[in-house]
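For the sequence shown, this note's numbering assigns the number 320 to the initial residue and increments by one for each residue that follows.
Don't be surprised by glycine CBs; every beta carbon is placed ideally from N, CA and C.
In this text, all values refer to a predicted model and were calculated from it rather than measured experimentally.
Worksheet for the structure shown next.
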Amino acid sequence: MTAGGVDALAETVRRLSASSRRTYQNPYEAIAWPDDLDRRQWFTSPQFVSLYGTPEWESLDDSRRKELSFWEAVNFYSLNIHGEKALMEGLAHRLYQPGMEPVAEYLHHFLDEENKHSVWFGTFCTRYAGKVYPDRKVVFPRDHAEGEADLLFFAKVSIFEEIVDRYNVAMGRDDALVPVARQINANHHAEEARHLVFGRRIVQELWREWSPRWPDEVVDGIRSYLTAYVEATWREYYNPDVYRDAGFSDPWKLARQAWDHPATRAHRAAVNRSCLRPLAEVGLVEAS
Numbered sequence: 320m321t322a323g324g325v326d327a328l329a330e331t332v333r334r335l336s337a338s339s340r341r342t343y344q345n346p347y348e349a350i351a352w353p354d355d356l357d358r359r360q361w362f363t364s365p366q367f368v369s370l371y372g373t374p375e376w377e378s379l380d381d382s383r384r385k386e387l388s389f390w391e392a393v394n395f396y397s398l399n400i401h402g403e404k405a406l407m408e409g410l411a412h413r414l415y416q417p418g419m420e421p422v423a424e425y426l427h428h429f430l431d432e433e434n435k436h437s438v439w440f441g442t443f444c445t446r447y448a449g450k451v452y453p454d455r456k457v458v459f460p461r462d463h464a465e466g467e468a469d470l471l472f473f474a475k476v477s478i479f480e481e482i483v484d485r486y487n488v489a490m491g492r493d494d495a496l497v498p499v500a501r502q503i504n505a506n507h508h509a510e511e512a513r514h515l516v517f518g519r520r521i522v523q524e525l526w527r528e529w530s531p532r533w534p535d536e537v538v539d540g541i542r543s544y545l546t547a548y549v550e551a552t553w554r555e556y557y558n559p560d561v562y563r564d565a566g567f568s569d570p571w572k573l574a575r576q577a578w579d580h581p582a583t584r585a586h587r588a589a590v591n592r593s594c595l596r597p598l599a600e601v602g603l604v605e606a607s
């Protein structure tokens with residue numbers, strides 16, 4: 320990043336860092352963890368269960384729906400664990416990287432808060448499910464033009480966290496959810512709100528700085544890559560392991576059917592329209 324691009328973030332970094340210090344919380348005291356949980360409760364709001372609106376969902380009684388919502392929560396938190404591991408790696412790599420020094424103060428807070436979130440997600444998964452679902456992402460190494468790797472990193476972070484936050488906001492306010500799930504979602508949103516502001520701003524500045532210098536094939540490649548990343552991110556919400564643990568007989572077939580159903584396509588499109596808007600406004604992706 321050039322000095323001009325970094326300078327544009329100075330006030331954002333100052334404001335977000337002050338907010339992080341003011342609202343600091345101990346991750347080991349922020350959540351009230353019950354010793355055990357009855358799975359016949361809501362852990363994921365029904366509209367965010369991956370089968371919602373499909374014939375399979377309609378065929379389930381209330382008890383089965385609630386049990387499915389438990390495993391969906393385990394998957395959602397597992398996705399966040401893996402996403403935050405990659406995020407922490409990328410943030411640590413960029414900490415005091417030449418050109419990134421002016422944002423280093425906030426990167427420290429960003430790292431600290433993502434680590435705390437992993438404590439919450441990991442505690443839920445290991446305490447109540449006895450496991451974290453494995454990461455299915457496969458990352459292939461590739462060469463990058465100057466400035467491209469940083470843009471892609473922060474753009475992917477923005478995509479992942481914008482979608483997650485849409486779920487967090489709604490479920491953090493859902494009184495039907497078991498309290499521990501509601502607390503995790505609400506606390507996560509409270510800190511992610513700052514991350515989203517930072518992510519939108521740094522992607523905007525990186526794009527403004529570098530895109531005029533890149534040839535068309537690099538710009539087109541970035542757009543194609545991010546479009547594929549959006550789909551790959553959503554695919555993980557339709558996890559055959561969830562369906563297997565919830566007692567479905569053909570989990571892989573169910574995952575394909577759920578992904579293809581008009582109701583789930585409409586859900587993803589609606590979320591994308593709002594969550595991808597910041598990237599769409601600078602020309603990185605299409606929001607529909």
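**Asked** CB-CB under 8 Å to Val590, same chain, minus the five flanking residues each way: which ones, in chain order?
**Response** Residue mapping note: residue 590 aligns to position 271 of the sequence shown, counting from 1. So the qualifying residues of the chain are Ile482 and Arg485.
**Asked** Under the DSSP definition of a beta bridge, which residues are partnered with Leu496?
**Response** For the purposes of this step, residue 496 is identified with residue 177 of the sequence shown, where counting begins at 1. In DSSP, Leu496 forms a bridge with Trp361.
**Prompt:** In chain order, what residues of the same chain lie with their CB nearer than 7 Å to the CB of Phe479, ignoring the 5 residues before and after it?
**Reply:** Within the sequence shown, numbered from 1, the residue matching residue 479 stands at position 160. These residues qualify, in order along the chain: Gly402 and Thr552.
**Prompt:** In three-state terms, what does DSSP make of Leu603?
**Reply:** Locating residue 603 in the sequence shown gives position 284, where the first residue counts as 1. Residue state, collapsed to three classes: coil.
**Prompt:** With contact counted as at least three CB pairs below 8 Å, one residue from each stretch, are the segment 563-582 and the segment 498-507 in contact?
**Reply:** no
**Prompt:** Roughly how many angstroms lie between the CA atoms of Met320 and Gly491, to the nearest whole one?
**Reply:** Residue 320 sits at position 1 when you count from the first residue of the sequence shown. Residue 491 sits at position 172 when you count from the first residue of the sequence shown. Annotation note: pLDDT 47 at Met320 (below 50); position unreliable, coordinate value reported separately. Taking the straight line from one Cα to the other gives about 36 Å.
**Request:** Could you pull the start and end residues of the alpha helix (DSSP H) that Tyr396 belongs to?
**Result:** Numbered from 1 along the sequence shown, position 77 holds the residue referred to as residue 396. Its alpha helix (DSSP H) spans residues Asp381 to Arg413.
**Close beta carbons around Ala329, own chain, < 7 Å, minus the five adjacent residues each side** = In the sequence shown, the residue the question calls residue 329 occupies position 10. Taken in chain order, the residues that qualify are Pro421.
**Request:** Just mark His508 as buried or exposed, buried being the case when its beta carbon has 16 or more other beta carbons within 10 Å.
**Result:** Taking the sequence shown and counting its residues from 1, one reaches residue 508 at position 189. The residue in question, His508, is buried, as its Cβ has 16 or more Cβ neighbours within 10 Å.
**Request:** Whole angstroms is fine: what's the gap from Arg333's alpha carbon to Gln416's?
**Result:** On the sequence shown, position 14 is the one that residue 333 refers to. On the sequence shown, position 97 is the one that residue 416 refers to. Cα to Cα, Arg333 sits roughly 19 Å from Gln416.
**Request:** Could you pull out every residue in the same chain whose Cβ sits closer than 7 Å to the Cβ of Ser336, ignoring the five residues on either side in sequence?
**Result:** Here residue 336 is taken as the residue at index 17 of the sequence shown, counted from 1. Excluding sequence neighbours, Ser336 sits near Glu424, Tyr425 and His428.
**Asked** Using DSSP with H/G/I as helix, E/B as strand and the rest coil, what is Thr373?
**Response** Within the sequence shown, the letter at position 54 stands for residue 373. Three-state DSSP puts Thr373 in coil, outside helix and strand.
**Asked** At which residue ranges does the segment 508-542 contain complete alpha helix (DSSP H) runs of 4 or more residues, listed in the order of the chain?
**Response** none
**Start and end residues, alpha helix (DSSP H) containing Asn345** = Numbered from its first residue, the sequence shown carries residue 345 at position 26. Neither: Asn345 is in no alpha helix (DSSP H) and is coded neither H nor E.
**Request:** Have a look at Gly372 and Glu510 and give me their C-alpha separation to the nearest angstrom.
**Result:** Counting from 1 along the sequence shown, the entry for residue 372 is found at position 53. Counting from 1 along the sequence shown, the entry for residue 510 is found at position 191. Roughly 31 Å separates the two Cα atoms.
**Request:** Buried or exposed for Ala322, please, with buried defined as at least 16 other CB atoms from any protein chain shown within 10 angstroms of its CB.
**Result:** As a first step, residue 322 is located in the sequence shown; it is residue number 3 there, counting from the start. For Ala322, the pLDDT reaches just 45, beneath the cut-off of 50, and the residue's location in the model is therefore unreliable, although a value from the coordinates is still provided. Ala322 should be labelled exposed.
**Request:** Find the nearest neighbour of Phe473 within the set Glu408, Phe459 and Arg461, judged by alpha-carbon distance.
**Result:** Indexing the sequence shown from 1 puts residue 473 at position 154. Measuring from the Cα of Phe473, the nearest candidate turns out to be Glu408.
**Request:** State the start and end residues of the unbroken alpha helix (DSSP H) segment that holds Asn434.
**Result:** Mapped onto the sequence shown, residue 434 falls at position 115. Counting along the chain, the alpha helix (DSSP H) containing Asn434 begins and ends at Ala423 to Phe443.
**Prompt:** Is there contact between the segment 546-560 and the segment 441-459, where contact requires at least three CB pairs shorter than 8 Å?
**Reply:** yes
**Item:** Inter-residue spacing [alpha-carbon to alpha-carbon] between Val451 and Leu387
**Value:** Position 132 of the sequence shown, counting from 1, holds the residue named residue 451. Position 68 of the sequence shown, counting from 1, holds the residue named residue 387. Rounded to the nearest angstrom, the two C-alpha atoms are 16 Å apart.
**Message:** With the cut-off set at 7 Å, would you say Thr331 and Arg532 are in Cβ contact?
**Reply:** Taking the first residue of the sequence shown as position 1, residue 331 is located at position 12. Taking the first residue of the sequence shown as position 1, residue 532 is located at position 213. For Thr331 and Arg532, no; Cβs fall outside 7 Å.
**Message:** Looking at Ser369: is its Cβ nearer than 7 Å to the Cβ of Ala577?
**Reply:** Taking the sequence shown and counting its residues from 1, the one referred to as residue 369 is at position 50. Taking the sequence shown and counting its residues from 1, the one referred to as residue 577 is at position 258. Yes, the pair counts as a contact, with Cβ atoms nearer than the cut-off.
**Prompt:** How many angstroms separate the CA atom of Phe367 from the CA atom of Thr445?
**Reply:** On the sequence shown, position 48 is the one that residue 367 refers to. On the sequence shown, position 126 is the one that residue 445 refers to. When rounded, the distance between both Cα atoms is 22 Å.
**Message:** With the cut-off set at 7 Å, would you say Arg341 and Phe389 are in Cβ contact?
**Reply:** Residue mapping note: residue 341 aligns to position 22 of the sequence shown, counting from 1. Residue mapping note: residue 389 aligns to position 70 of the sequence shown, counting from 1. Cβ atoms of Arg341 and Phe389: not closer than 7 Å.
**Item:** Nearest-angstrom Cα separation, counted from Phe440 out to Ala582
**Value:** Position 263 of the sequence shown holds residue 582. Position 121 of the sequence shown holds residue 440. In a straight line, the C-alpha of Ala582 is about 28 Å away from that of Phe440.
**Request:** Please determine, among Ser530, Arg563, Ser338 and Gly518, the residue with the shortest C-alpha to C-alpha distance to Leu595.
**Result:** Along the sequence shown, read from residue 1 onward, the residue named residue 595 stands at position 276. Nearest of Ser530, Arg563, Ser338 and Gly518 to Leu595, Cα basis: Gly518.
**Request:** Check each candidate in Arg575, Trp376, His463 and Met419 and name the one with the smallest Cα separation from Pro534.
**Result:** The count along the sequence shown starts at 1 and reaches residue 534 at position 215. Comparing Cα-Cα distances from Pro534 to each of Arg575, Trp376, His463 and Met419, the minimum goes to His463.
**Item:** Tyr548 - DSSP class collapsed to helix/strand/coil
**Value:** In the sequence shown, the residue the question calls residue 548 occupies position 229. Tyr548 falls in the helix class under three-state DSSP.
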